[in-house]
Each structure stands twice: as structure tokens, then as C-alpha cells.
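Written out below as C-alpha cells is the structure these notes cover.
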Amino acid sequence: MKKSQSGSGRQSLAPDTITKANQPEGNSSHHPNPGKHHYAISVDDDNREYYVHIPKGYNGSTDLPVVFMLHGSGGEGLKFYNISGWVKEGDSENIITVFPSSWKYDCVLDDGVKKHNAEKWNSYDLVVCDDNKKRNDVKFLSSVIDDLKSKFAVNEKRIYMAGFSNGGEMAARCAIELSDKLAAVVACAGTLPHDASLTPLRKLPVWLQIGNADEKLIANIGAVSPLPMDIPLLLSQYPAVQSVINTYINSFELQPGYTISGNPRKFTIATYPGISGGAENVFRFVMIKDLEHQYANGKNHPLVAADVHWDWMKDFMLP
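My numbering puts the sequence shown at residues 2 to 320.
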């Protein structure tokens, strides 16, 4: 279902048209002040926190869409509340935006190196030191969804998730394990494991984004900076990238063939349709030119990722 852009000057990787979605009345008593709110919930006897931004257009009687933004390693919800661009996006598009904090572990292994006091999401590749227990972040994020529905007027069919780096890995995990609650997922600079075959609860729309100047990705695949903006060339030169794409193909039952769109001077998109033929069974692999290991916010890169990610995600709803 297509929605409209509101206002001028917004960035988009695709044209947009308007169709009004049904927004059921309800939760009319939930009318907090607009702006930042901080909450804590108990999950498996741990005190976990998240931040919420209530847009200026919230009235408590119209159920609004929700976007989660997951920070990267060493971050926290408040940091991405301040720098990701999703607060501004929430105000302009009338979205409730949510910024959870990951767990801070005493010790994790990062590429075999011990790191202490490390904020990490429990993505599929998290490795903790022997005396640390992995936290169930899928349960935490699911609990935040339930908590939000008890506090605010939330459109349960329009809950979305974006993540960056380790948060992108966690968002990708949620595309598998929370796909019954999420309408669409965007993962940036973080992905599913290589050459795996996972079983999502639902074959939802997923987007994987990388920057061709991402120094961490370049080092991980043994590439020479920058990566080519030609996706067929990238996949043929760097099998590690293809092995990640294979996980999406296997897990979401996608066709192996793709169509290319975009402008290589700015971005390139490979779109993989699902074998089912359903409009929501789709995967986008997106390369952004000159983007380093950052969540683009218009200051660290000309792209305002929140703009383009919302322009894509808002097309989709849970059935």
C-alpha cells in the first residue's frame, strides 16, 4: 500500500504516490506530551531501557505507525535518538520513533579480541566471554512492542525496524524471529550470517544497505577501497558478499535473479523478488556511494537515511 511524501525536499530512492490507510480509532486516553520519553522494563530480571519520541501530530485517538531504530556497537538508544535523524522524520511524517538500548556486557569477543564493558545486541554472531550470559534481545524488543501498545495509540500493522552495524545485524535477526510483528525491516552495515538457511515467521520485505566506502566491510572481505558500484561486478569479485545474499535468497525464498536500478553516481539497488510472487516477499540490496561505516543523517553523508528508509518501509503493512 503506497503512502505519500509529506513536504518538499525529502530524499527518496523511488517515486511515491498516496493511498490513505485505515487507521482505527482507539487508545484515546493515551495522549502524552510530544517529545522525548524514557522508559524501563524488566526482561528476564534485567532492567532494560528504551527512548520514545512522540511526534507533534500525535493526538492519542489515531493509531500511528512505529519505527524502531537500533544503534551499533558501543552505542545506546539516547545516542541514536540524537543523531540518527529519526526524531525529525517522526515529527514530519507523524511516526512514533523508538530507540532501545542494547545490553552492556562485561566482556565480549569481537573478531577474537576481548572487549570489556561492551554494548552489543545479541545478533546471530555475538560471542561473549565464558562468564557472560547472552541476553534475549528478541524477547526484549518484542516486550517493548507490547509495552508501546499499552502506552500509546499504535497501529499494530505498521511497526517497522531499522538498524545500523551491530544494530543492523539485530534488525536482520528480527526480520527472521519477529517478522510476525514487523511490517518491514532495514539493516545497514549489518546482516545475517553467510550461506545460512533460516526460517522466518513471515516472508516480510527486507532491505540490506552497505556503503561502498565502509572501511569495516572493505577489511572484512579483503577488498580494495572503494567497492565498485556495479553490483554484478561486486558479487563476482567478492564471494563473501554473494554468500550473504545467498542467506537472504535461501531464508526468504527469493528468486536468484535480480533487477538493477538507481544512479551509480549516488546509489545502486538490486531487487530480488520472492518465488511466491507476493509484493511483500521482496529483498533490496542497496549500495550507497561514498558512505563509510555510518548511519547517514545528512551531516556525515549527503543521504538522509531516515527519509529514504521510511519512503520504502511505509509501503508495507502486516496482513
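Glycine included, C-beta positions come from ideal geometry on N, C-alpha and C. Bear in mind that the values here come from a model prediction, so they are computed numbers and not experimental data.
Pairwise C-beta distances place the stretch 173-188 out of contact with the stretch 263-279, as fewer than three of them are shorter than 8 angstroms. Ser262: member of the beta strand (DSSP E) spanning 260-264, first to last residue.
In the three-state reduction of the DSSP assignment, Glu293 falls in the coil class, being assigned neither a helical nor a strand state. In the three-state scheme derived from DSSP, where H, G and I count as helix and E and B as strand, Cys189 is classed as strand. When DSSP states are grouped into helix, strand and coil, Arg174 belongs to the helix group. The residue from Phe165, Asp196, Thr260, Arg174 with its alpha-carbon nearest to that of Ile84 is Phe165. For Glu157, the enclosing beta strand (DSSP E) stretches over residues 155-165. Every beta strand (DSSP E) stretch that sits fully inside the stretch 71-146 and reaches 3 residues is listed by chain position as 97-101, 104-111, 114-121.
Annotation note: the stretch 190-269 contains the following uninterrupted alpha helix (DSSP H) runs of length 4 or greater, listed N- to C-terminal: 216-221, 232-238, 240-252. Pairing Leu209 with Cys175 gives a Cβ-Cβ distance that is not under 9 angstroms. Per DSSP, the beta bridge partners of Tyr51 are Tyr40, Pro101. Proximity to Met162 across Ser151, Asn282, Gly278, Ile97 peaks at Ile97, based on C-alpha coordinates. The bridge partners DSSP lists for Tyr273 are Phe284. Three or more Cβ pairs closer than 8 angstroms define a contact, and the stretch 214-231 falls short of that threshold against the stretch 192-202.
Taking 9 angstroms as the cut-off, the beta carbon of Ile289 is found no closer than this to the beta carbon of Ile177. Distance from the Cα of Asn95 is smallest, within the candidate group Thr63, Asp107, Ser144, Ala41, for Thr63. Inclusion of Val88 and Lys152 in the CB contact set at 9 angstroms is not warranted, their separation being larger than that value. Counted as a single uninterrupted DSSP element, the alpha helix (DSSP H) harbouring Val309 occupies residues 306-314.
Between Thr248 and Thr260, the CB-CB gap reaches or exceeds 9 angstroms.
Distance from the CA atom of Leu71 to the CA atom of Val187, rounded to whole angstroms, is 10 angstroms. Scanning its chain for C-beta atoms nearer than 8 angstroms, with the 5 sequence neighbours on each side dropped, one finds around Asp231 the residues Pro265, Thr269, in chain order.
Looking at the DSSP output, Leu65 sits in a beta bridge with Val155. Asp147 and Val68 have their C-alpha atoms some 14 angstroms from each other. Approximately 25 angstroms separates the beta-carbon atoms of Leu304 and Pro274; this is outside 8 angstroms, ruling out the contact. Around the C-beta of His310, 16 or more other C-beta atoms lie within 10 Å, and the residue is accordingly described as buried. Remark: C-beta atoms of Pro101 and Tyr59 do not approach each other more closely than 9 angstroms.
Shortest Cα-Cα distance from Ile55 to any of Ala154, Met171, Val207 involves Ala154. Beta-carbon to beta-carbon, Leu236 and Ile246 are separated by about 7 angstroms, close enough to satisfy the 8 angstroms threshold.
In this structure, Ala173 lies away from Ser244, with their beta-carbon atoms at least 9 angstroms apart. Looking at the DSSP output, Asn298 sits in a beta bridge with Val305.
The three-state secondary structure of Gly168, taken from DSSP, is helix. For the pair Asn251 and Pro229, the CB atoms are not nearer than the 9 angstroms cut-off.
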